[in-house]
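Report on one structure; see the data block that follows.
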């Protein structure tokens, strides 16, 4: 990578992180796409790449890149995400007046998340607790998984909670995507689980430090929780689709089935638009269809 390209991508990364307040995951994905695209472009046009070359790109150049990525086995979903990242990079390099070549993205079939049953979720959390190497780690894993399901948090939101939130009440203030803050309910069972973990945790709860800690006292890794869930669901024979994020889907689906309205659900989930929440109406319909097909004598 040339110094010019390195500077462009570094500026893009800072723009996403500080200007757009995108998540670390999004920043990494978009920067990786930008790096890959610039490497392709240098070979495609046969010379170094700078802002001028990027601003002069035509539709055919973008199509060539997507064809190059398709040859690597890129799916429609991945191609759509890559194109979104590419548009963001081109707009950043070109500025507000950038004329970005119009490329129609691939058709993406929007998947319907499948909810786990409450019994499976409790069994999963219980196995994670029982399989831990120490009581405090078991109490931690139990509390984290109950929090994901009980309050519908993203795993990053749960693990970003700091001891400033202590002592806990019946509500929890959560900072989600793009630093947007929302208030979610904290069920008595979830609150008791977190309090029990805190009582057992050997690490001091400093106000600006995360509540959930790794064994050595540092921030708890999301990958560790994902691994715990994977091991538990394998032992219990639970669907591979039951991931930590699926607990959030289950929270939303079960609330909707219980009579929650979409606007309230949107607020609880921290969705920027109602369309993001409306996917759960499809989830609920799918769940009802499963019940019908399993229970109706004529199904």
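In my numbering, the protein residues as written are 327 to 625. Beta carbons: idealized from backbone N, C-alpha and C, even for Gly. All values reported here derive from a predicted model rather than from experimental measurement.
### Task
Classify residue 480 as helix, strand or coil using the three-state DSSP reduction.
Here residue 480 is taken as the residue at index 154 of the chain shown, counted from 1. Three-state result, residue 480: coil.
### Query
In whole angstroms, what is the alpha-carbon distance linking residue 568 and residue 484?
In the chain shown, the residue the question calls residue 568 occupies position 242. In the chain shown, the residue the question calls residue 484 occupies position 158. Rounded to the nearest angstrom, the two C-alpha atoms are 17 Å apart.
#### Entry: residue 459 versus residue 601 - alpha carbon distance
Here residue 459 is taken as the residue at index 133 of the chain shown, counted from 1. Here residue 601 is taken as the residue at index 275 of the chain shown, counted from 1. Taking C-alpha positions only, residue 459 is separated from residue 601 by approximately 42 Å.
### Message
Using only the alpha-carbon positions, how far apart do residue 554 and residue 445 sit?
### Response
Indexing the chain shown from 1 puts residue 554 at position 228. Indexing the chain shown from 1 puts residue 445 at position 119. Taking the straight line joining both Cα atoms gives about 18 Å.
### Query
With C-beta atoms as the reference, is residue 474 less than 8 Å away from residue 533?
For the purposes of this step, residue 474 is taken as the residue at position 148 of the chain shown. For the purposes of this step, residue 533 is taken as the residue at position 207 of the chain shown. Not in contact: residue 474 and residue 533 (Cβ atoms no closer than 8 Å).
#### Entry: Those residues which DSSP pairs with residue 545 across a bridge
Position 219 of the chain shown, counting from 1, holds the residue named residue 545. Answer by DSSP bridge pairing, in chain order: 539.
### Message
If I follow the unbroken alpha helix (DSSP H) through residue 533, where does it start and stop?
### Response
As a working note, residue 533 is residue 207 in the chain shown. Where residue 533 is concerned, there is no enclosing alpha helix (DSSP H), given that its DSSP letter is neither H nor E.
### Query
Whose C-alpha, out of 498, 418, 365, is nearest the C-alpha of residue 512?
Translated into positions along the chain shown, residue 512 becomes position 186. A check of alpha carbon separations from residue 512 across 498, 418, 365 identifies 498 as the nearest.
### Task
Let me know if residue 579 comes out buried or exposed under the rule of 16 or more other beta-carbons within 10 Å of its beta-carbon.
Here residue 579 corresponds to residue number 253 of the chain shown, with the count starting at 1. By the Cβ-count criterion, residue 579 is buried, with 16 or more other Cβ atoms from all chains shown falling within 10 Å of its own Cβ.
### Query
Name the DSSP bridge partner or partners of residue 497?
In the chain shown, residue 497 corresponds to position 171, counting from 1. DSSP lists 511 as partners of residue 497.
#### Entry: Proximity of residue 429 and residue 420 at Cβ, strictly below 8 Å
What you label residue 429 is simply residue 103 of the chain shown in a count that begins at 1. What you label residue 420 is simply residue 94 of the chain shown in a count that begins at 1. At least 8 Å separates the beta-carbon of residue 429 from that of residue 420.
### Message
I'd like the list of long-range same chain contacts for residue 595, defined as Cβ closer than 7 Å, with 5 residues on each side in sequence excluded.
### Response
Taking the chain shown and counting its residues from 1, one reaches residue 595 at position 269. For residue 595, where only same-chain residues beyond five positions count, the Cβ hits under 7 Å are 478, 578, 603.
### Message
Measuring straight from C-alpha to C-alpha, what distance separates residue 566 and residue 405?
### Response
Along the chain shown, one-based indexing puts residue 566 at 240. Along the chain shown, one-based indexing puts residue 405 at 79. C-alpha separation (whole angstroms): 24 Å.
### Message
Is the beta carbon of residue 573 closer than 8 Å to that of residue 581?
### Response
Within the chain shown, the letter at position 255 stands for residue 581. Within the chain shown, the letter at position 247 stands for residue 573. For the pair residue 581 and residue 573, the CB atoms are not nearer than the 8 Å cut-off.
### Message
When you compare the CB positions of residue 389 and residue 408, do they come within less than 8 Å of one another, or not?
### Response
For the purposes of this step, residue 389 is identified with residue 63 of the chain shown, where counting begins at 1. For the purposes of this step, residue 408 is identified with residue 82 of the chain shown, where counting begins at 1. Residue 408 sits away from residue 389, with the two beta carbons spaced by 8 Å or more.
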